[in-house]
Amino acid sequence: MKVFVIGTGNPIPSFIQRRLHALNGRGVEVVVSMEYGQKHQLHPAIEIVRYGDVRQMKVNDALHYLGKLLSSPHIFFRLWKLNAVTGWSARLKTTIKYFPLAVVPGVSLIHIQWLTLITRVNWLGALYNVPVMASVRGSQVTVYPRTRAGFSDVVRQAISQTDALHVVSKDLMPPCMDLGARPAQLLVNYNGVNLEKFRPPVGQLPTQTLALISVGAAIWRKGYLFQLEILKQLMDFTPVSLTIVGEGPDLEGLKYLAFKMGVYKAVQFYGRANEEQVVALLQQSDVYISTSAAEGLANSCMEAAACGLPVVAFACEGMNELVEHGHTGYIVPYGDVAIFVDHVRALADSKHRLALGKQARQKMEREWSMDFWTDEMIKHYEVISQSTPKLNE
């Protein structure tokens, strides 16, 4: 099977990169599109197809492009016909830009990694005469339809142009259906977690300070201001610290707010961290906290649970699939800081905390193995690739 993966992002998020490597390791022939000049850390066995602004081409890119054009001029003209861009000049420019994506031999299925991207390359399925799957990861069906004028129409159009919709949590199914998805279009597949890499520490002794941790981009929907307020209230009851891992546009403001709220000395703003550093930081911590307003499914909570941490989180998409309330952690009504603080205070009891953390790890082992969910996705690929593409119905 050959899966053509479109729109991984730049840089490629770690959860997408892990899935690509896992698919490749199971014998799926993975081809990934990337714009000229994009750097990556993908395995050499994964084929890269470069496209984009021809002015960004290197010599080797230009020679490869010319060779493909000379050998497949009919595909160039077919793409021209399928290209829906209006205006002769704009149409020529986009045809030249995307031509390398049109000449990949033997494609079984196209997998768009971010739903609305399909509206820019909606000719792919027709050109290859294969089914198109798109991934729904959260904000595109939950946040943006409510905050961006006209975005609902874009999502409806994107959904209408796919044969299958991969949702990363069950909670994303209702908003997809509200935006026009058919139940038969939808499939749930979790990213899963590498249980060998993300695992509890060996022989770590509890400390006097309750170590909280949160991992994610410093952006508004992660709700880090709530975490600073939670930390401030906890400091009245127990020695506590908070490590925030990640970068983003809100980081400077968060640092200032931590100073303004009098909690700066109790917060470590770690910044960007690679996977090994994240594992080490989780293993040094006691409790994982999440205050997100919106998610697709919080991979960071899954990784924390795999490391044996109880998770305390505001309710949002996917959280009730990850956390068993009172058994592996706690789910708190969104914005209720008082209840959140009470649950974290309860976890200051090391016996209680370790019991929930052990159960969190066991849940990950039972239900969230990356290997299992990769195999499930391959099964979906096999079924979908044998189906009739939407354009032929």
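Heads up: the sequence shown at position 61 corresponds to 959 in our numbering, and the numbers run straight through without jumps.
Backbone N, C-alpha and C fix where the C-beta goes; we use that ideal spot for every residue, glycine too.
Fair warning: this is a prediction, and the values are worked out from it, not measured in the lab.
*Have a look at residue 922 and residue 1063 and give me their C-alpha separation to the nearest angstrom.*
21 Å
_Distance check for residue 1164 and residue 1242, CA to CA, integer angstroms please._
16 Å
*Where do the N-terminal and C-terminal ends of the alpha helix (DSSP H) with residue 1155 fall, by residue?*
1149–1158
*Quick one: grab the DSSP three-state call for residue 1082.*
helix
*Continuous alpha helix (DSSP H) stretch holding residue 934: start and end*: Element bounds for residue 934: n/a, residue is neither H nor E.
*Report the rounded CA-to-CA distance for residue 909 versus residue 955, giving the unit in angstroms.*
19 Å
*Runs of alpha helix (DSSP H) wholly within the segment 1121–1147 (minimum 4 residues, chain order)*: 1122–1132
*Specify whether the segment 1199–1209 and the segment 1253–1269 touch according to this definition: at least 3 beta carbon pairs, one from each stretch, less than 8 Å apart.*
yes
*Would the beta-carbon of residue 1188 fall within 8 Å of that of residue 1161?*
no
*residue 957 in three-state terms, based on DSSP*: helix
*Is the beta carbon of residue 1194 less than 8 Å from the beta carbon of residue 1035?*
yes
*Might you give, ordered along the chain, the residues of its own chain that have their beta carbon closer than 6 Å to the beta carbon of residue 1015, omitting 5 neighbours on each side?*
905
*Residue environment, residue 928, which counts as buried when at least 16 other CB atoms sit within 10 Å*: buried
_Can you give me the C-alpha to C-alpha distance between residue 1281 and residue 1215, rounded to a whole angstrom?_
27 Å
_Exposure of residue 1184, with buried meaning 16 or more beta-carbon neighbours within 10 Å_ = buried
*Quickly, what does DSSP pair residue 1110 with across the bridge? List them, please.*
1140 and 1185
*Considering only residues of the same chain and omitting the five flanking positions on each side of residue 982, which have a CB-CB separation below 8 Å?*
1020 and 1021
*Spell out a yes or no on whether the segment 966–974 and the segment 927–942 are touching, meaning 3 or more CB-CB pairs, one atom from each, closer than 8 Å.*
no
*Could you tell me if residue 1293 is buried or exposed, where buried requires 16 or more neighbouring beta carbons within 10 angstroms of its beta carbon?*
This structure leaves residue 1293 out entirely; the chain is present only between 899 and 1291.
*Sort 934, 916 and 1054 by Cα distance to residue 944 and report the nearest one.*
916
*From residue 1290 to residue 1141, what does the alpha carbon distance come to, in whole angstroms?*
Because residue 1290 sits at a pLDDT of 45, beneath the cut-off of 50, its placement in the model cannot be relied upon, and the following sentence gives the value as read from the coordinates. Each residue's alpha carbon lies about 53 Å from the other.
*Helix or strand or just coil, what does DSSP make of residue 1290?*
Residue confidence is low: residue 1290 scores 45 on pLDDT, short of 50, so the model does not pin down where it sits. Its coordinate-derived value is still stated next. In the structure shown, residue 1290 sits in a helix (DSSP, three-state: H, G or I).
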